[in-house]
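Q:
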Amino acid sequence: MYEKSIEFRFLYYNEAVLKVFKTIILDFIKNLIKLIFNRDEKLNQV
């Protein structure tokens, strides 16, 4: 029973980390896309 609780905690922890990781990566990708588009716009203006 004790091992099961450790396993459960580990899975719960992994899920939380994955959620945070996904959020960070999504934000990073959004910012990257914005940067790329801004750079393209600046190049087009020149």
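Start counting the sequence shown at 1454; every next residue gets the next number (the working numbering). C-beta atoms are modelled at their ideal positions from N, C-alpha and C, and glycine is treated no differently.
Just the Cα atoms here: how many angstroms apart are Asn1467 and Lys1457?
A: Their Cα atoms are separated by approximately 15 Å.
Q: Taking just the CA atoms, how far does Val1473 sit from Ile1482?
A: Those two C-alpha atoms are separated by around 14 Å.
Q: In whole angstroms, what is the alpha-carbon distance linking Ile1486 and Ala1469?
A: Using only the alpha carbons, I get a separation of about 26 Å.
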